[in-house]
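Below is one structure, written out as C-alpha coordinates; the observations come after it.
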(Lines of atoms letter the chains of each structure in order from A and count residues from 1; the text may use other names and numbers.)
(Lines give C-alpha, C1' and ligand atoms only; values in the text may rest on other atoms or scores of the structure.)
Protein backbone atom coordinates (compact mmCIF):
# COMPACT_ATOMS: atom_id res chain seq x y z
CA UNK A 1 0.00 0.00 0.00
CA UNK A 2 2.97 2.34 0.51
CA UNK A 3 4.45 3.93 -2.61
CA UNK A 4 7.90 5.49 -2.91
CA UNK A 5 8.31 9.10 -3.98
CA UNK A 6 9.22 7.94 -7.49
CA UNK A 7 6.19 5.66 -7.67
CA UNK A 8 3.88 8.43 -6.46
CA UNK A 9 5.25 10.73 -9.17
CA UNK A 10 4.44 8.10 -11.81
CA UNK A 11 0.88 7.80 -10.49
CA UNK A 12 0.66 11.61 -10.43
CA UNK A 13 1.72 11.67 -14.09
CA UNK A 14 -1.10 9.26 -14.95
CA UNK A 15 -3.45 11.37 -12.84
CA UNK A 16 -2.59 14.45 -14.90
CA UNK A 17 -3.51 12.55 -18.06
CA UNK A 18 -6.83 11.48 -16.52
CA UNK A 19 -7.55 15.07 -15.42
CA UNK A 20 -6.72 16.44 -18.89
CA UNK A 21 -8.97 13.93 -20.64
CA UNK A 22 -11.81 14.56 -18.19
CA UNK A 23 -11.50 18.30 -18.86
CA UNK A 24 -11.80 17.57 -22.58
CA UNK A 25 -14.83 15.37 -21.98
CA UNK A 26 -16.49 18.01 -19.77
CA UNK A 27 -16.36 20.59 -22.56
CA UNK A 28 -17.69 18.06 -25.08
CA UNK A 29 -20.93 17.31 -23.18
CA UNK A 30 -24.00 18.83 -24.83
CA UNK A 31 -27.67 17.99 -25.35
CA UNK A 32 -28.24 15.59 -28.23
CA UNK A 33 -24.96 13.69 -28.05
CA UNK A 34 -24.72 9.94 -27.68
CA UNK A 35 -22.83 8.52 -24.70
CA UNK A 36 -20.85 6.44 -27.20
CA UNK A 37 -19.46 9.72 -28.52
CA UNK A 38 -18.02 10.48 -25.08
CA UNK A 39 -16.36 7.06 -25.12
CA UNK A 40 -14.84 7.76 -28.55
CA UNK A 41 -13.53 11.16 -27.44
CA UNK A 42 -12.00 9.66 -24.30
CA UNK A 43 -10.38 6.76 -26.15
CA UNK A 44 -8.88 9.06 -28.79
CA UNK A 45 -7.63 11.50 -26.15
CA UNK A 46 -5.90 8.66 -24.32
CA UNK A 47 -4.34 7.36 -27.51
CA UNK A 48 -2.89 10.81 -28.30
CA UNK A 49 -1.23 10.79 -24.89
CA UNK A 50 0.16 7.27 -25.17
CA UNK A 51 -2.00 5.99 -22.30
CA UNK A 52 -4.51 3.14 -22.06
CA UNK A 53 -7.96 2.80 -20.57
CA UNK A 54 -7.94 0.87 -17.30
CA UNK A 55 -11.63 0.03 -17.81
CA UNK A 56 -11.52 -1.48 -21.30
CA UNK A 57 -11.45 -5.25 -20.85
CA UNK A 58 -11.51 -5.04 -17.03
CA UNK A 59 -13.66 -8.04 -16.02
CA UNK A 60 -14.94 -7.97 -19.61
CA UNK A 61 -16.00 -4.30 -19.58
CA UNK A 62 -16.47 -3.30 -23.25
CA UNK A 63 -15.73 0.45 -23.25
CA UNK A 64 -13.01 2.94 -22.33
CA UNK A 65 -15.04 4.80 -19.69
CA UNK A 66 -18.35 4.68 -17.83
CA UNK A 67 -21.24 7.08 -18.44
CA UNK A 68 -24.08 7.09 -15.93
CA UNK A 69 -27.07 9.32 -16.51
CA UNK A 70 -29.21 10.89 -13.77
CA UNK A 71 -30.08 8.29 -11.11
CA UNK A 72 -27.76 5.60 -12.47
CA UNK A 73 -25.14 5.25 -9.79
CA UNK A 74 -22.04 4.09 -11.65
CA UNK A 75 -20.66 1.84 -14.39
CA UNK A 76 -23.17 2.80 -17.08
CA UNK A 77 -21.94 1.51 -20.44
CA UNK A 78 -21.67 4.11 -23.23
CA UNK A 79 -23.92 3.37 -26.18
CA UNK A 80 -26.86 4.86 -28.07
CA UNK A 81 -28.40 6.76 -25.17
CA UNK A 82 -28.88 10.44 -25.97
CA UNK A 83 -28.04 13.16 -23.44
CA UNK A 84 -30.96 15.52 -22.94
CA UNK A 85 -31.23 19.07 -21.64
CA UNK A 86 -31.44 18.95 -17.84
CA UNK A 87 -29.70 15.57 -17.49
CA UNK A 88 -26.55 15.02 -15.50
CA UNK A 89 -23.94 12.54 -16.69
CA UNK A 90 -21.27 11.01 -14.52
CA UNK A 91 -18.10 10.14 -16.41
CA UNK A 92 -15.96 7.61 -14.55
CA UNK A 93 -12.56 7.38 -16.13
CA UNK A 94 -9.42 5.46 -15.28
CA UNK A 95 -6.18 5.15 -17.23
CA UNK A 96 -2.80 3.50 -17.07
CA UNK A 97 0.44 5.00 -18.25
CA UNK A 98 3.77 3.21 -18.05
CA UNK A 99 2.11 0.58 -15.86
CA UNK A 100 0.63 2.96 -13.26
CA UNK A 101 -3.09 3.61 -12.82
CA UNK A 102 -5.16 6.65 -11.85
CA UNK A 103 -8.92 6.85 -11.38
CA UNK A 104 -11.29 9.81 -11.29
CA UNK A 105 -14.84 10.84 -12.14
CA UNK A 106 -16.80 13.99 -12.83
CA UNK A 107 -20.51 14.70 -13.02
CA UNK A 108 -21.46 17.17 -15.72
CA UNK A 109 -24.75 19.03 -16.18
CA UNK A 110 -26.20 18.73 -19.68
CA UNK A 111 -27.29 22.23 -20.52
CA UNK A 112 -29.31 23.86 -17.73
CA UNK A 113 -30.26 21.76 -14.70
CA UNK A 114 -32.70 22.41 -11.87
CA UNK A 115 -31.65 24.17 -8.64
CA UNK A 116 -32.05 20.90 -6.72
CA UNK A 117 -29.70 19.11 -9.12
CA UNK A 118 -27.23 22.00 -8.83
CA UNK A 119 -27.37 21.57 -5.06
CA UNK A 120 -26.78 17.81 -5.36
CA UNK A 121 -23.71 18.45 -7.52
CA UNK A 122 -22.35 21.00 -5.03
CA UNK A 123 -22.92 18.79 -1.98
CA UNK A 124 -21.27 15.86 -3.74
CA UNK A 125 -18.21 17.89 -4.72
CA UNK A 126 -17.96 19.45 -1.26
CA UNK A 127 -18.14 15.99 0.31
CA UNK A 128 -15.15 14.97 -1.81
CA UNK A 129 -13.14 17.85 -0.36
CA UNK A 130 -14.26 16.85 3.15
CA UNK A 131 -12.93 13.38 2.45
CA UNK A 132 -9.66 14.74 1.08
CA UNK A 133 -9.24 16.93 4.18
CA UNK A 134 -9.58 13.82 6.37
CA UNK A 135 -6.99 11.89 4.34
CA UNK A 136 -4.03 12.72 6.57
CA UNK A 137 -1.28 10.51 7.90
CA UNK A 138 -2.28 9.20 11.32
CA UNK A 139 -6.00 9.32 10.56
CA UNK A 140 -7.88 6.18 9.59
CA UNK A 141 -9.86 5.31 6.49
CA UNK A 142 -12.99 5.54 8.65
CA UNK A 143 -12.20 9.23 9.26
CA UNK A 144 -12.64 9.76 5.53
CA UNK A 145 -15.83 7.70 5.54
CA UNK A 146 -17.27 9.58 8.51
CA UNK A 147 -16.51 13.04 7.11
CA UNK A 148 -18.24 12.21 3.82
CA UNK A 149 -21.29 10.55 5.39
CA UNK A 150 -21.88 13.25 8.00
CA UNK A 151 -21.63 16.08 5.49
CA UNK A 152 -23.88 14.44 2.87
CA UNK A 153 -26.55 13.36 5.34
CA UNK A 154 -26.58 16.75 7.09
CA UNK A 155 -27.35 18.26 3.67
CA UNK A 156 -30.37 15.95 3.31
CA UNK A 157 -28.89 13.46 0.84
CA UNK A 158 -27.64 9.88 1.25
CA UNK A 159 -24.36 8.21 0.33
CA UNK A 160 -23.92 5.33 -2.09
CA UNK A 161 -23.29 2.16 -0.12
CA UNK A 162 -22.57 -0.26 -2.95
CA UNK A 163 -19.33 1.40 -4.06
CA UNK A 164 -16.51 3.41 -2.54
CA UNK A 165 -12.93 4.50 -2.82
CA UNK A 166 -9.79 2.41 -2.96
CA UNK A 167 -6.05 2.43 -3.31
CA UNK A 168 -4.47 2.82 -6.75
CA UNK A 169 -1.06 1.97 -8.14
CA UNK A 170 0.13 -0.91 -10.30
CA UNK A 171 -3.49 -2.15 -10.16
CA UNK A 172 -6.64 -0.12 -10.65
CA UNK A 173 -8.15 -1.33 -7.38
CA UNK A 174 -5.84 -1.87 -4.41
CA UNK A 175 -6.15 -1.73 -0.65
CA UNK A 176 -7.21 0.13 1.35
CA UNK A 177 -10.93 0.13 0.57
CA UNK A 178 -12.56 3.41 1.62
CA UNK A 179 -16.31 3.38 2.21
CA UNK A 180 -18.42 6.53 1.98
CA UNK A 181 -20.09 5.65 5.28
CA UNK A 182 -19.32 4.00 8.60
CA UNK A 183 -20.05 0.30 8.81
CA UNK A 184 -19.43 -1.40 12.12
CA UNK A 185 -16.85 -4.15 11.83
CA UNK A 186 -15.56 -3.07 8.39
CA UNK A 187 -11.73 -2.99 8.26
CA UNK A 188 -10.24 0.41 9.04
CA UNK A 189 -6.68 1.20 8.03
CA UNK A 190 -4.32 3.76 9.50
CA UNK A 191 -3.33 6.22 6.79
CA UNK A 192 0.43 6.38 6.28
CA UNK A 193 2.72 8.59 4.20
CA UNK A 194 3.06 7.14 0.72
CA UNK A 195 -0.45 5.72 0.39
CA UNK A 196 -2.34 6.67 -2.77
CA UNK A 197 -6.13 6.44 -2.67
CA UNK A 198 -9.08 7.36 -4.83
CA UNK A 199 -11.85 8.92 -2.75
CA UNK A 200 -15.21 8.39 -4.46
CA UNK A 201 -18.27 9.90 -2.72
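Residue numbers (our numbering): -11 to 189.
By construction, the Cβ of each residue, glycine as well, lies at the ideal position given by its N, Cα and C atoms.
Note down the Cα distance separating residue i from residue j, rounded to an integer number of angstroms.
i	j	result
residue 61	residue 157	24 angstroms
residue 159	residue 48	16 angstroms
residue 19	residue 27	16 angstroms
residue 107	residue 84	33 angstroms
residue 130	residue 166	7 angstroms
residue 197	residue -4	Outside the displayed span of the chain (-11 to 189) sits residue 197, for which this structure offers no information.
residue 1	residue 36	15 angstroms
residue 118	residue 179	16 angstroms
residue 57	residue 136	22 angstroms
residue 172	residue 134	12 angstroms
residue 111	residue 64	22 angstroms
residue 17	residue 116	22 angstroms
residue 195	residue 128	As shown, the chain starts at -11 and ends at 189. That puts residue 195 outside it, with no answer to give.
residue 72	residue 103	17 angstroms
residue 50	residue 138	36 angstroms
CB residue i to CB residue j, shorter than 7 angstroms?
i	j	result
residue 95	residue 66	no
residue 93	residue 43	no
residue 39	residue 76	no
residue 121	residue 132	no
residue 31	residue 52	yes
residue 155	residue -10	no
residue 177	residue 164	yes
residue -2	residue 88	yes
Compute the beta-carbon to beta-carbon distance between residue i and residue j, rounded to the nearest angstrom, for a pair I have assumed lies under 8 angstroms.
i	j	result
residue 153	residue 186	5 angstroms
residue 29	residue 13	6 angstroms
Whose C-alpha, out of the options, is nearest the C-alpha of residue i?
i	options	result
residue 188	179, 114, 177 and 171	114
residue 98	38, 41 and 55	55
residue 184	171, 161, 169 and 175	161
residue 74	100, 175 and -6	100
residue 80	-6, 41 and 135	41
residue 243	91, 173 and 109	There is simply no residue 243 to check, as the chain begins at -11 and stops at 189 in what is shown.
residue 145	128, 164 and 169	169
residue 3	86, 69, 14 and 45	86
residue 8	68, 90, 104 and 50	90
residue 105	14, -7, 70 and 78	78
residue 70	15, 21 and 45	21
residue 68	150, 25 and 103	25
Whole runs of the alpha helix (DSSP H) within the region 103 to 162, excluding any shorter than 4 residues: 103 to 122 and 129 to 142
Any alpha helix (DSSP H) of 4 or more consecutive residues that is wholly inside the region 22 to 69: 23 to 36
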